[in-house]
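Presented below is the structure to which this report refers.
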Amino acid sequence: MFEHLDDPTPPDATSRTFGAVLARAARLRRRRAASALSALVVGALALGVVIGVTVSGPAPSQTFAAFDSQTGLLAAGTPVPSSDLASVVFIGDLHGFALVVHGTQTLLAVSTDGGSAWTVADPNLPVSFPAQFEFSDDAHGYLWGGPPSTTGTVPLWVTADGGRTWTRAGIGPVVSDVSAIGPDVWAVVGTCPVRPTAGPSCPVVLEVSTDNGQTWSAAAAAPPVSENAEVSVSDENIELARITRARAYVLTFASRAGSPGTAGSLTYTADGGQTWTARADPCPSYFDTGEQIAASGTIDLWVICASQASAGTQAKALYRSSNGGMQWTLAAAANAPVLTGGTILAAAGGLPTEGYVTPYSLGHENLAVLTATDAWLFPDRSAVYDTTDGGRTWGVVAGLSKAGLVAGGTGNVVFADATHGWVCETGTGLWRTTDGRTWQRLGP
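Here the working numbering is used: the first residue of the sequence shown is 48, the next is one more, and so on.
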């Protein structure tokens, strides 16, 4: 995916630079509560299916009806309806990959025409939805996350043939987040298996591969963050926001239900993980149950902070930094005092209280940042919002509603460049823009 600023020097904030770069939201790392999360996934998928029934669109053909009703493994090349896609990534404006839930199986689908048509690449992935995945080109990809194994491990799987076959990487035990720039791949790894009860925090290490994930070695220094490996929906989360081959941020936060105010941690490397420098985490108490970080360059950072969630709502706050996280400014907020201990942030801006971001968003990308001024937000169970003024004001993307997307589903939003983007809503369908403004619904 065209998502990194692959330049060894800090970028100037020019339209030319940002027009060629997308540093999308670093993916939320694994969902470690198998039982709680499975129930959440089923609910989200059921909601998506209900929504899909209400959306007008082409009637499903007999081929796609057979896809939904067929049991057992599907053959490679089987057509996949866009309404069955759960999340997508794209390599440029034509080549895309998608996770699909089919019965008890999670499969990989591929598109070569910008998302209009999809076929099965692998009918039974080694990781179940809500797995996370990334492709650096049309052959090399990485798959991790989902429920932990019975031994408490969350491994990384690597493909070199476009997702048709997968090999387990020799790192672990718990892979939290992965980022690839060409053959150069980083993985943030927890050193303790997932466990059923509370225990001491464990160190986190950075593993690096320079050959498309075939071989790995530890970076010179580990990021100064730790993880709590206890099974919990709202357990500590670790995110890797990689900007260039050498420059990256690692975000960790650990607030738990009933214990708000646990400070998060943000750290930065400019030399490929040889050294790390602490940065301030801007999220205030009660708004730090969930966090996501995104960037349009080495020094332009966006952090979404989120409270506990209840009845489809979640208080949210957006903080911006123009100097690499050394200082932060509150850009917008959506207050829900009942969820934040009465705390109200002094900002407006149109952020929605409706919908969930991390840790309730099933690992999808909620925030896609294109430039220092332009970004997109898709909270689960909400509408899709965008901003063109650096996050100070947000509004519902009317073009998506006109194209048939109904608010209230779950999915992700991704961009391959400044104009080519996709919104996937589970159980409903896939939408594409080729100019960053107008949208069309793809496929049946």
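For glycine and all other residues, C-beta sits at the position ideal for the given N, C-alpha and C. Every value quoted in this text rests on a predicted model; they were computed, and no experiment measured them.
Can you tell which of L386, Q361, A288 has its C-alpha closest to the C-alpha of D347?
Counted from its first residue, the sequence shown places residue 347 at position 300. Nearest C-alpha to D347: A288.
Could you have a look at S448 and say whether DSSP puts it in helix, strand or coil?
Within the sequence shown, residue 448 is the residue found at index 401, counting from 1. Note: S448 maps to helix in three-state DSSP.
So which of R242, S158, G119, L203 has the shortest CA-CA distance to F144?
Residue numbering aside, residue 144 sits at position 97 when the sequence shown is read from its first letter. Out of R242, S158, G119, L203, S158 has the C-alpha closest to the C-alpha of F144.
Just verifying my parser: in three-state terms, what is the DSSP assignment at L313?
Locating residue 313 in the sequence shown gives position 266, counting from the first residue. L313 falls in the strand class under three-state DSSP.
Is DSSP giving S130 helix, strand or coil here?
As a working mapping, residue 130 is identified with position 83 in the sequence shown. S130 falls in the helix class under three-state DSSP.
Use the C-beta contact count for S116: other C-beta atoms within 10 angstroms, 16 or more gives buried, fewer gives exposed.
Mapped onto the sequence shown, residue 116 falls at position 69. That one is exposed.
Classify P202 as buried or exposed, calling it buried when 16 or more other Cβ atoms lie within 10 Å of its own Cβ.
On the sequence shown, position 155 is the one that residue 202 refers to. Buried, since its Cβ has 16 or more Cβ neighbours within 10 Å.
Need the endpoints of the beta strand (DSSP E) that F494 sits in, please.
Residue 494 lies beyond the residue range present for the chain, which begins at 48 and ends at 491; the question has no answer from this structure.
Rounded to whole angstroms, what is the Cα-Cα separation between F462 and G139?
Against the sequence shown, residue 462 aligns to sequence position 415. Against the sequence shown, residue 139 aligns to sequence position 92. Distance between the alpha carbons of F462 and G139 is about 9 Å.
Out of curiosity, what's the CA-to-CA distance linking N171 and G319?
For the purposes of this step, residue 171 is identified with residue 124 of the sequence shown, where counting begins at 1. For the purposes of this step, residue 319 is identified with residue 272 of the sequence shown, where counting begins at 1. One C-alpha to the other measures close to 35 Å.
From G237 to V221, what does the alpha carbon distance come to, in whole angstroms?
For the purposes of this step, residue 237 is identified with residue 190 of the sequence shown, where counting begins at 1. For the purposes of this step, residue 221 is identified with residue 174 of the sequence shown, where counting begins at 1. The alpha-carbon atoms of G237 and V221 are separated by roughly 5 Å.
If you follow the beta strand (DSSP E) that G458 is part of, which residue opens it and which one closes it?
Residue mapping note: residue 458 aligns to position 411 of the sequence shown, counting from 1. 458–462 is the extent of the beta strand (DSSP E) around G458.
Between which two residues does the beta strand (DSSP E) carrying G354 extend?
Here residue 354 corresponds to residue number 307 of the sequence shown, with the count starting at 1. Note on identity: in this sequence residue 354 is Ser, with Gly being the wrong assignment. Residues 348–357.
Just to confirm the assignment: which complete alpha helix (DSSP H) runs, minimum length 4, are found wholly within the region 233–298?
DSSP runs (the alpha helix (DSSP H)) wholly in the region 233–298: none.
Could you pull the start and end residues of the beta strand (DSSP E) that Y366 belongs to?
Locating residue 366 in the sequence shown gives position 319, counting from the first residue. Segment 360–368, the beta strand (DSSP E) holding Y366.
Output the distance between the C-alpha atoms of A392 and S332, rounded to the nearest integer angstrom.
Residue mapping note: residue 392 aligns to position 345 of the sequence shown, counting from 1. Residue mapping note: residue 332 aligns to position 285 of the sequence shown, counting from 1. This sequence places Leu at residue 392; Ala is not what is there. Those two C-alpha atoms are separated by around 11 Å.
Closest by CA to P126, which one among L155, Q321, S264?
On the sequence shown, residue 126 is found 79 positions in, with the first residue counted as 1. Looking at the Cα atoms, L155 is the closest of the given residues.
For V404, list the residues DSSP reports as bridge partners.
Here residue 404 corresponds to residue number 357 of the sequence shown, with the count starting at 1. Bridge partners of V404: none, in fact.
For Y16, I'd like the list of residues in its chain whose CB is within less than 6 Å of its CB, leaving aside the five on either flank, ordered along the chain.
Outside the displayed span of the chain (48 to 491) sits residue 16, for which this structure offers no information.
Look up L386 in the DSSP assignment and say whether it is helix, strand or coil.
Here residue 386 refers to the residue found at position 339 of the sequence shown. Helix at L386.
Rank G442, D184, E274, G388 by C-alpha distance to the C-alpha of T206 and give the top, closest one.
Stepping through the sequence shown from its first residue, residue 206 is reached at position 159. Of the listed residues, the one whose Cα sits closest to T206 is D184.
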